[in-house]
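Enquirer:
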Amino acid sequence: KEIRSHHLFADFSEDSLQIILQNSGILSLKKYENLFKCSDVARYFFLTRKGQISLFQTSLEGNEKIVSILESGQTFAETCMFTQNKCYSISARANSDSDVFYFSTAIFKQQLEISNKSCLIMMAEISHRLAVQTQETVELSIHDAQYRLVSYLLDNSSQPGDPYCLPKVKLSITKSLLASRLSITPETFSRILSRLKKQHLIEIKDDIIILSDYKTLAKQVAYCAARVKQSHIAEQILDFTA
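Once you know that position 157 of the sequence shown is 780 in the numbering used here, the rest is easy, because the numbers rise by one and skip nothing.
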């Protein structure tokens with residue numbers, strides 16, 4: 624039932640789903656345990672069941688760049704089934720004790736060939752991720768570190784614009800991980816938070832960042848509510864395939 628409820632599996636026939644499940648399983652990972660490394664053969668893709676997974680790349684000098692941070696209900700590495708070299712292009716590691724479902728890429732691809740609707744859902748998923756990555760590339764290329772951090776806070780805030788409750792962001796990851804995700808050094812990240820706090824634009828209480836002046840923050844980045852957001856991916860895909 625957990626797997627069937629996910630949009631990637633929702634439109635497979637019962638027979639197809641059973642074939643996929645016969646070639647799947649659950650892995651339990653300890654905090655900081657690697658799931659796979661870049662260039663490993665990509666025999667499986669994954670669905671986060673519990674915990675949190677980081678996707679990252681490592682330079683020859685040993686520097687890490689966080690590419691994505693995945694919460695429960697999010698899939699990853701499925702695009703590898705469509706690449707020619709059939710290898711993972713990134714590495715994956717658990718940020719906390721985590722459980723992930725794994726699925727055979729070869730079997731899943733076979734079942735996709737039978738279901739046109741499931742193919743469309745997969746295409747919509749990949750297209751959405753490309754849009755997100757394109758947006759992030761633009762932000763890295765033409766916007767500074769403060770723009771990226773403020774955009775992240777606006778994108779992930781609860782109750783944005785509600786005059787009776789200040790929007791807030793509860794950090795589910797460490798500040799160092801978030802800095803890496805936004806391509807900001809930890810020192811610069813801390814300076815920006817301090818600057819925003821001195822300007823009375825935010826308040827910081829442990830792992831919660833309160834957006835004290837949402838409108839001013841939004842003006843700083845010409846924020847638009849129509850920005851592509853990962854949290855709305857299921858709704859966008861279902862709308863696309865309806």
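Here a beta-carbon is modelled for each residue, glycine too, at the ideal position from N, C-alpha and C.
Find out if the Cβ-Cβ distance for the pair Lys654, Asp720 is shorter than 7 Å.
Expert: For the purposes of this step, residue 654 is taken as the residue at position 31 of the sequence shown. For the purposes of this step, residue 720 is taken as the residue at position 97 of the sequence shown. In contact: Lys654 and Asp720 (Cβ atoms closer than 7 Å).
Enquirer: So Phe669 is in the beta strand (DSSP E); what residue range does that whole segment cover?
Expert: Within the sequence shown, residue 669 is the residue found at index 46, counting from 1. Here the beta strand (DSSP E) through Phe669 covers Tyr667 to Lys673.
Enquirer: Let me know the secondary structure DSSP gives Ile592 once reduced to three states.
Expert: Because the chain is modelled from 624 through 865, residue 592 falls outside the range shown and cannot be assessed.
Enquirer: Report the residue from Leu753, Phe679 and Ile815 whose alpha carbon sits nearest the alpha carbon of Glu687.
Expert: Residue 687 sits at position 64 when you count from the first residue of the sequence shown. Residue Phe679 is the option with its Cα nearest to Glu687.
Enquirer: In angstroms with no decimal places, state the Cα-to-Cα distance between Phe635 and Asn646.
Expert: Working through the sequence shown from its first residue, we reach residue 635 at position 12. Working through the sequence shown from its first residue, we reach residue 646 at position 23. Using only the alpha carbons, I get a separation of about 15 Å.
Enquirer: Along the chain, where does the beta strand (DSSP E) that runs through Gln680 open and close?
Expert: Mapped onto the sequence shown, residue 680 falls at position 57. Element bounds for Gln680: Ile676 to Thr681.
Enquirer: Just list the residues that DSSP pairs Thr698 with in beta bridges.
Expert: Position 75 of the sequence shown holds residue 698. DSSP, once it has assigned bridges, lists Leu670 as partnering Thr698.
Enquirer: Let me know the alpha helix (DSSP H) ranges lying completely inside the region 741-771, each 4 residues or longer, listed in chain order.
Expert: The qualifying runs do not exist here; there are none.
Enquirer: When you compare each of Leu794, Leu789 and Cys788 to Tyr775 by their alpha carbons, which one comes out closest?
Expert: By 1-based counting over the sequence shown, the position of residue 775 is 152. Tyr775 has its Cα closest to that of Leu794, out of Leu794, Leu789 and Cys788.
Enquirer: Is Ala715 near Phe668, with beta carbons less than 7 Å apart?
Expert: Mapped onto the sequence shown, residue 715 falls at position 92. Mapped onto the sequence shown, residue 668 falls at position 45. Not closer than 7 Å, so no.
Enquirer: Within 10 Å of its beta-carbon, does Glu748 have 16 or more other beta-carbons around it, so buried, or fewer, so exposed?
Expert: On the sequence shown, position 125 is the one that residue 748 refers to. Buried, since its Cβ has 16 or more Cβ neighbours within 10 Å.
Enquirer: Here's the rule I'm using: 16 or more other beta-carbon atoms within 10 Å means buried, otherwise exposed. How should Thr728 be labelled?
Expert: For the purposes of this step, residue 728 is taken as the residue at position 105 of the sequence shown. So Thr728 counts as buried.
Enquirer: Ile796 and Cys676 - do their beta-carbons sit closer together than 7 Å?
Expert: Residue numbering aside, residue 676 sits at position 53 when the sequence shown is read from its first letter. Residue numbering aside, residue 796 sits at position 173 when the sequence shown is read from its first letter. According to the sequence provided, residue 676 is Ile. The question's Cys does not apply to it. Going by C-beta atoms, Ile676 is not nearer than 7 Å to Ile796.
Enquirer: On the DSSP letters alone, give me the boundaries of the beta strand (DSSP E) that Tyr725 sits inside.
Expert: Within the sequence shown, numbered from 1, the residue matching residue 725 stands at position 102. Run containing Tyr725: Ser721 to Ser727, per the beta strand (DSSP E) assignment.
Enquirer: What residues in its chain sit with their C-beta under 7 Å from that of Ser781, if we drop five residues either side in the sequence?
Expert: Sequence index remark: in the sequence shown, residue 781 carries index 158 (1-based). Counting only Cβ-Cβ distances below 7 Å, and skipping sequence neighbours, we find Pro790 and Lys791.
Enquirer: Helix, strand or coil for Ala845? Go by DSSP, reduced to three states.
Expert: If you number the sequence shown from 1, residue 845 lands on position 222. In this structure, Ala845 counts as coil in the three-state DSSP scheme.
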